[in-house]
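Protein chains in written order, with my numbering: chain L, 1 to 117; chain F, 1001 to 1117.
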C-alpha cells in the first residue's frame, strides 16, 4: 500500500546534498545502511536519519532480506515530483516555441523559416 | 547572465504549496505581483517574499515593462532540477525492466526470453 505523496516533504527531502547523493547511489541498485554509510564517511545513525526522511517522503523503500534491510528507490515519490515538474517543463517549451516564432517573424520578414534566401 | 543553480535552494523553494501555486500560475503566462496576489488572498509583501525565494532559486525571472515588473518562469532552475530527476527516472525504468525480465523468466522456465516454443 502506498501512502499519498506529500510534495512538501518530497521536495524538502531533496534540498540536502547528502540525501541527493544517497538517491544517486540507490539509482545504481539497492544498498544496506552499512553499504550507504561507507562512501559518505558518516555514522550509520546519521545515514539512518537521512533514510528516514527519504522514506517518509516516498522516495525510498526497504525490504527484509534475512537480517538485512536493503533500500531502493521508490516509484511513488519520484513519479509524483516528475508529474508536477512536467507541467513547468511543458510551459517552458511552449514559451520558447512562441519566442522562436516572434524571432522568426522579426528576423526574416520577407521569408518563411527554413527558406533559402 | 545565469548564475549557477543551487539545487539545495531550488528544491527547498518547491517545498511550499504557495510557491508551487505561484509557479503553476506562471506556467500559464507572466504575471505581476498584483496579479499574483489576487487569487492567493495574500498581501503583496508576502507574495514578494515568496517570489524572492523563487528568484534566488533560479525558478523565476522578472523583466521591466514601464512601471511594472512582470515575472515569468526561468529556464535555468527548472532544467537543472529536471536533469537531476532524469537520473532517478532512468534508474526506475531500468529496475522495472529488470523486474519484467525476472517475471518473464519465472513464467516461462523452460525457454529463453524471445525464443519461440
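Just so you know, even glycine gets a beta-carbon here, dropped at the ideal spot from N, CA and C.
request  = Have a look at residue 1034 of chain F and residue 19 of chain L and give me their C-alpha separation to the nearest angstrom.
outcome  = 37 Å
task = In the DSSP assignment, find the alpha helix (DSSP H) that holds residue 23 of chain L and state where it starts and stops.
result = Boundaries of the alpha helix (DSSP H) harbouring residue 23 of chain L: 17–26, taken from the DSSP string.
query = Between the beta-carbon of residue 85 of chain L and the beta-carbon of residue 10 of chain L, is there less than 9 Å?
reply = no
message = Cβ closer than 8 Å: which chain L residues qualify as neighbours of residue 1087 of chain F?
response = 24, 27
ask   = Taking 9 Å as the CB-CB cut-off, is residue 1001 of chain F touching chain L?
value = Its pLDDT being 41, under 50, residue 1001 of chain F is placed unreliably in this model, and the coordinates cannot settle the point.
ask   = Excluding sequence positions up to five away, which residues of its chain have a Cβ less than 6 Å from the Cβ of residue 81 of chain L?
value = A distance below 6 Å between beta-carbons, with the five flanking residues on each side excluded, links residue 81 of chain L to the following residues of its chain, in chain order: 10.
key: C-beta neighbour in chain F for residue 11 of chain L, strict 9 Å   = yes
query = So, helix, strand or coil for residue 1073 of chain F, using DSSP?
reply = strand
query = Distance, Cα to Cα, residue 1117 of chain F vs residue 62 of chain L?
reply = Annotation note: pLDDT 47 at residue 1117 of chain F (below 50); position unreliable, coordinate value reported separately. Their backbone Cα atoms lie some 38 Å apart in a straight line.
ask   = Name the DSSP bridge partner or partners of residue 1061 of chain F?
value = F:1072
request  = Output, in sequence order along the chain, the residues in the stretch 1059–1071 of chain F whose CB is closer than 9 Å to any CB in chain B.
outcome  = Structure shown: chain B not included; protein chains present are L and F.
query = So residue 73 of chain L and residue 26 of chain L are in contact, right, with Cβ under 8 Å, and what is the actual spacing, rounded?
reply = 5 Å
task = Would you please verify whether the beta carbon of residue 15 of chain L is less than 9 Å from any beta carbon of chain F?
result = yes
ask   = Is the shortest distance between the beta-carbon of residue 1042 of chain F and the beta-carbons of chain L less than 9 Å?
value = Taking 9 Å as the threshold, the shortest C-beta distance from residue 1042 of chain F to chain L does not fall below it.
message = Given this structure, state the Cα-to-Cα distance separating residue 1022 of chain F from residue 1036 of chain F, to the nearest angstrom.
response = 7 Å
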